[in-house]
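Quick note: to get our numbering, add 702 to the position in the sequence shown (first position is 1).
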Amino acid sequence: MTNTYFKVWEIVRKELYHFIKLHNISKVNYTFEPYFNYITKKYKIKILPHHFSDEAILGLTLIDRLGISFSYEITSIPARQNFTKCHELGHLVLQHSGTVFSENKNNKDWQEIESNYFASFILMPDIVLLSKIVYQKRSFQDLTKELKVSTLALERRLVELLYFQGNLSKIQAHEITKSYITQKPKALIETIINLKEKIIYDYESIKVDDIDKLKEYIKEKHFITQLDIPSLIDIEFQKTIRKLPDIEINTYYNQSCLVIYVWNPQKLTPEESLRKAKIIHYELKQKRTS
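Okay, here's the thing in structure tokens:
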């Protein structure tokens, strides 16, 4: 189980932390939804409710020639539904083999176990737990609300973090977590502080290329300057940009002030882009003289 935990964590770490950095998502206000919505939109996944008696099937993934669909038990509490949605997403991101996946309370299949870890990590990533528990001093109850998870999911996540990464026994991990639940956070905070260096390293070691930032920013904003990506001033980077399809780059220079700007020609004309660049130029000049 240890190997499975770290195998899934390594995949999530690279995928999720890259997404968080690329989209400048705050660790303070983090929830699973931006990432979940991004992936479901990217793969055109349909999200549907279903109902089975006694919650026999909590979640279901279907993959066929018509596309991909996830369904979740409509009578489950919202926090449970969130876990189910992320669990089903795990089958896709982890590239599990098969076209039908069903989640139930008693399923011990290895792919289901991996998807459980995936959901837990997406809902409650290490770097967010560090931020909220150690720096923000959030209570257990605060975390369930802010991260939109159930008490069971958060308790299990903390126990597994302490057991697998903190090298504590299962009994110790449960005791520390129970203390945190009952408003006695000292032991948990101290344990996570001991893990702080590794948690921060795992986060900081994920790098986002400026070219990826540029593509994402252009997709979202259609127009950017060196104020958004400072490396736009680099001549070699500009040469790389000029080779990209559906992206244009130009400069506006006046009164010793330079604006390097990039735009999506499918959304803005050269004239519209130049007007935007001149506005940025004016604002920069005003800042210099103020």
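For each residue, glycine too, the CB sits at the ideal point set by N, CA and C.
For residue i, count the other beta carbons within 10 Å of its own beta carbon; 16 or more makes it buried, fewer makes it exposed. Which is it?
i           : result
residue 704 : exposed
residue 812 : exposed
residue 834 : buried
residue 904 : buried
residue 789 : buried
residue 887 : buried
residue 715 : buried
residue 991 : exposed
residue 712 : exposed
Comparing C-alpha positions only, which one of the options sits nearest to residue i?
i            : options               : result
residue 897  : 817, 828 and 760      : 828
residue 1008 : 888, 966 and 877      : The chain is shown from 703 up to 992; residue 1008 falls before or after that span and cannot be answered.
residue 850  : 892, 874, 787 and 902 : 787
residue 945  : 964, 749, 981 and 974 : 964
residue 970  : 774, 982 and 926      : 926
residue 825  : 784, 717 and 962      : 784
residue 777  : 768, 791, 767 and 761 : 761
residue 959  : 938, 987 and 978      : 987
According to DSSP, simplified to helix, strand and coil, what is residue i?
i           : result
residue 705 : helix
residue 751 : strand
residue 868 : coil
residue 760 : coil
residue 911 : coil
residue 773 : strand
residue 960 : strand
residue 948 : coil
residue 931 : coil
residue 734 : coil
residue 828 : helix
residue 719 : helix
residue 811 : coil
Under 8 Å, do residue i and residue j count as touching if we go by C-beta distance?
i           : j           : result
residue 908 : residue 745 : no
residue 735 : residue 754 : no
residue 710 : residue 866 : no
residue 832 : residue 901 : yes
residue 836 : residue 741 : no
Just confirm the distance between the C-beta atoms of residue i and residue j, as a whole number of angstroms; I'd bet it's less than 8 Å.
i           : j           : result
residue 935 : residue 852 : That pair is no contact at about 49 Å.
residue 942 : residue 913 : 6 Å
residue 770 : residue 796 : So it is not a contact: roughly 14 Å between Cβ atoms.
residue 870 : residue 881 : So it is not a contact: roughly 13 Å between Cβ atoms.
residue 773 : residue 751 : 7 Å
residue 860 : residue 884 : 13 Å between Cβ atoms; not a contact.
Is any heavy atom in the ligand SAH found nearer than 7 Å to the beta carbon of residue i?
i           : result
residue 920 : For the ligand SAH, the structure offers nothing, since it holds no ligand at all.
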